[in-house]
Amino acid sequence: MPAELYVGTSSWAEKALVDCGRFYPEDIKDTPARLQFYSRHFNFAEIDSTYYALPSKKNIQRWSDSVPQGFRFTVKAFALFTQHPTRLSSIPKSFHPGLPENVRKKARTYYKDVPAEVRDELWGIFRGALKPMREAGTLGAVLIDFPPWFVPSTANREYLAHAREFLPDDNVIVEFRNRLWVDGETDAASTFDLLRELNCGFVCVDEPAGLKTSFPPAVAATAATAAVRFRGRNAKRWEDKKASTLERFDWL
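When we follow my numbering, the leftmost residue of the sequence shown carries the number 306, and every step to the right adds one.
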């Protein structure tokens, strides 16, 4: 059976895409209308907002209802679940009393600092919110996007298995940002074996090679769902923190 190919952008509401004036007609002003227009040209979109805040079932339902049959979304996992520092304000206030006092005093927190019972409930909210897409068949995958300091270690491999347990019925794709995961044949084989064992897809990247902050061009199919990020090869602006999205990824 031939594989289905889905092509799209990191977000239909990405500021650079909206502001460039070269894609959306001038009379399309709101996010739902943009999604409907976008879905006539692409069959895939990544939802980035779920990284910054837990999604609501209402929004997930609305987005799912706005696209035609055959369209797929990849939903980014909430920042807390990806080992990134997470704004305390993005964790629902009803959970704040269950957090340690030293955590409540900080603007940001990490997964390890949140009690297990709170983490489990947050995972439940995230997974439950995706139900409309899951039932409609519009949920392509959940993306777990790890930070550069998430290096290959026993603890981090165990964490990936831990995270997978909370998404038992979903396609999960994993993006690493630290080259040590694939730095050499032995390391790469170990990483790909782990992903196959957990039934997680590997996110391949096409980006400037050889830079301190770039990821090697490793390729592997470790699950039924695979993903490729085409970030271009604009090495000159890749590490320029002042560059806009259009400048950094200007490669067409």
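Don't be surprised by glycine CBs; every beta carbon is placed ideally from N, CA and C. None of these values were measured; they are calculated from a predicted model.
Secondary structure note for residue 433: its alpha helix (DSSP H) is the uninterrupted segment 421-434. Non-local beta-carbon contacts of residue 373 in its own chain, meaning distances under 7 angstroms to residues more than five positions away in sequence, involve 344 in chain order.
Taken through DSSP and simplified to helix, strand or coil, residue 359 comes out as coil. Burial state of residue 316 is buried, judged by a 10 Å Cβ sphere holding 16 or more other Cβ atoms.
Taking a cut-off of 8 angstroms on C-beta distances, the region 398-408 does not touch the region 467-481, as fewer than three cross pairs fall below it. For residue 324, there is no enclosing beta strand (DSSP E); the residue is part of the alpha helix (DSSP H) that begins and ends at 320-324. Taking a 10 Å sphere around the C-beta of residue 541, we find fewer than 16 other C-beta atoms and assign the residue as exposed.
In the structure shown, residue 534 falls within a strand segment according to DSSP collapsed to helix, strand and coil. Taken through DSSP and simplified to helix, strand or coil, residue 507 comes out as strand. Between residue 457 and residue 532, the alpha-carbon positions lie close to 21 angstroms from each other.
Annotation for residue 477: no alpha helix (DSSP H) segment contains it, though the beta strand (DSSP E) segment containing it runs 477-480.
By the neighbour-count definition (other C-beta atoms within 10 Å, threshold 16), residue 498 is an exposed residue.
Residue 428 is classed as buried because its beta carbon has at least 16 other beta carbons within 10 Å across all chains shown. If one requires a minimum length of 3 residues, the beta strand (DSSP E) runs lying completely within the region 370-428 are 377-381, in chain order.
In this structure, the straight-line span from the alpha carbon of residue 400 to that of residue 419 is close to 10 angstroms.
Spatial neighbours of residue 482 in its own chain (CB-CB distance under 8 angstroms, excluding positions within 5 residues in sequence) are listed in chain order as 450, 451, 452, 453, 455, 520. The C-beta of residue 369 has 16 or more other C-beta atoms within 10 Å across all chains shown, which makes the residue buried. In the structure shown, residue 333 adopts coil according to DSSP, grouped into three states. The shortest CA-to-CA distance from residue 522 to any of 553, 488, 358 is the one to 488. The Cβ atoms of residue 381 and residue 425 do not sit closer than 7 angstroms to each other.
In terms of Cα proximity to residue 415, the closest of 484, 512, 330, 393 is 393.
Straight-line measurement puts the Cα of residue 347 at about 19 angstroms from the Cα of residue 331. Rounded to whole angstroms, the gap between the alpha carbons of residue 336 and residue 323 is 10 angstroms. Ranking 525, 326, 518, 537 by CA distance to the CA of residue 546 puts 518 first. Boundaries of the alpha helix (DSSP H) harbouring residue 470: 459-470, taken from the DSSP string. Under a 10 Å Cβ-count criterion, residue 377 is classified as buried, with 16 or more other Cβ atoms of the shown protein chains found around its own Cβ. Our two residues, residue 525 and residue 506, have alpha carbons roughly 9 angstroms apart in a direct line.
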